[in-house]
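What follows is a single structure, written as C-alpha cells, with notes after it.
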Amino acid sequence: MLKIGGKAPAFKGTNQHGETISLSKLKGKKVILYFYPKDATPTCTVESCNLRDGYEDLVEYGFEVIGVSADDVKSHVKFADKHKLPFSLLADTNLDIIKAYDAWGEKSMYGKKYMGILRKTYVIDEKGKLEVIIEKVDSKNHVQQILDHYE
Numbered sequence: 000m001l002k003i004g005g006k007a008p009a010f011k012g013t014n015q016h017g018e019t020i021s022l023s024k025l026k027g028k029k030v031i032l033y034f035y036p037k038d039a040t041p042t043c044t045v046e047s048c049n050l051r052d053g054y055e056d057l058v059e060y061g062f063e064v065i066g067v068s069a070d071d072v073k074s075h076v077k078f079a080d081k082h083k084l085p086f087s088l089l090a091d092t093n094l095d096i097i098k099a100y101d102a103w104g105e106k107s108m109y110g111k112k113y114m115g116i117l118r119k120t121y122v123i124d125e126k127g128k129l130e131v132i133i134e135k136v137d138s139k140n141h142v143q144q145i146l147d148h149y150e
C-alpha cells in the first residue's frame with residue numbers, strides 16, 4: 000500500500016509525442032499522476048477534459064500533469080488530439096506503472112466482478128514523495144478536488 004509521505008514508485012513511459020517521461024526526469028517538480036481506465040470513454044473523457052480546462056490553474060501551482068492508462072501510444076495520440084489535451088498521456092500497455100501505483104484491482108459492473116484499472120490520482124512532491132492520494136476521484140470536478148489540498 001502506498002502512503003502519504005512515502006516514496007513514489009519510479010516510473011518510465013512513452014507519451015503521445017513519442018517522448019520518454021520518467022519520475023527521475025521530473026525531480027524538482029510537483030507531479031499530478033492520474034490513472035484512468037480507457038481513452039475516449041465517457042467518464043475518462045470528462046476527467047481528462049476537466050484537467051485540460053483547469054490546466055492553467057494547475058500550472059500556476061507548479062504542477063506537471065500526467066495521465067496513465069493501458070492504451071497504446073496511437074490511442075493516446077487520437078484521444079489527446081481530439082480533446083486538445085495539453086499534458087502527457089503515458090502508454091502503460093504492460094501495466095507496470097499501473098500496478099506499481101496500486102491502480103489495478105477488482106472492479107464490478109452489472110454485478111460481474113473483473114480486474115481493471117482503478118481511477119486514482121497521486122500528487123508527488125518535488126522530492127519524489129507522495130503528497131496527496133485521491134482514491135475517490137470526482138471526474139467532473141477533479142481540478143478543484145486536487146486544489147482543495149493546497150488552498
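Counting from 1, position 46 in the sequence shown corresponds to residue 45 in numbering that gives the first Met the number 0; the numbering is continuous, with no gaps.
Note that the Cβ used here is the ideal one computed from N, Cα and C, for glycine as well.
These numbers come from a predicted model, not from an experiment.
N-terminal and C-terminal residue of the beta strand (DSSP E) that glutamate 130 is part of: 129-133
Cβ of glutamine 144 within 7 Å of any chain C Cβ: Of the chains in the structure shown, none is chain C; there is only one protein chain.
Residues near aspartate 71 in its chain [Cβ-Cβ closer than 6 Å; skip 5 each side]: Ala90, Thr92
Closest Cα partner of leucine 129 within the set Lys11, Leu22, Glu18: Leu22
Cβ contact (3+ pairs, closer than 8 Å) linking the segment 58-75 and the segment 128-142: no
Touching by the beta-carbon criterion (3+ pairs, under 8 Å), the segment 112-124 and the segment 31-38: Three or more beta-carbon pairs separated by less than 8 Å link the segment 112-124 to the segment 31-38, which places the two stretches in contact.
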